[in-house]
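According to this note's numbering, the sequence shown is numbered sequentially starting from 857.
The structure appears below as structure tokens.
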Amino acid sequence: MNNQNSRPILDKEKTAGEKIFKDILSREPIKWTPEEEVRQLFIKKLIKEYKYPKSHIKKEVSIKEVKGSKSCIYELSCATEDMGRIIGREGRIIKSLRILIKAIAAKKQGETVELELIE
857 MNNQNSRPIL DKEKTAGEKI FKDILSREPI KWTPEEEVRQ LFIKKLIKEY KYPKSHIKKE
917 VSIKEVKGSK SCIYELSCAT EDMGRIIGRE GRIIKSLRIL IKAIAAKKQG ETVELELIE
């Protein structure tokens, strides 16, 4: 019996001791990092749930991780003209992103995680 809930969220492989993702947009292998996992999950949400066309997603959006002693801030930067797409109507997309990041961070107990938009 193939249960859909038991499938991994993202396609991951382990090669020579390091984790590798298949990029959702290009299907090319990329090295796993926490930032890349967040980016891939966000892109997947845009495509699957919001029916956002892949052709409108640019790779110029970058996520930088800023670590503190008990906190972590992810700084998401993109072109000014793309801010509206990331924020979404009534802030729905950015709210979803923040929820997603906090869900991932819940695995790391005792650490506060935030997402900031940088122009």
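Glycine included, C-beta positions come from ideal geometry on N, C-alpha and C.
Small disclaimer: the values here were computed from a predicted structure and weren't measured.
C-alpha distance - residue i paired with residue j, whole-angstrom precision
i    : j    : result
E975 : T968 : 23 angstroms
S927 : I943 : 23 angstroms
E937 : S911 : 16 angstroms
K958 : E970 : 8 angstroms
E905 : S952 : 11 angstroms
L897 : S882 : 14 angstroms
Sub-8 angstroms separation of residue i and residue j beta-carbons
i    : j    : result
I903 : K887 : no
I880 : K900 : yes
I919 : R948 : no
Exposure of residue i, with buried meaning 16 or more beta-carbon neighbours within 10 Å
i    : result
A961 : buried
I955 : exposed
Q965 : exposed
Nearest-angstrom Cβ-Cβ length linking residue i and residue j, presumed shorter than 8 angstroms
i    : j    : result
E972 : E931 : 5 angstroms
Collapsed DSSP secondary structure at residue i in the structure displayed
i    : result
E905 : coil
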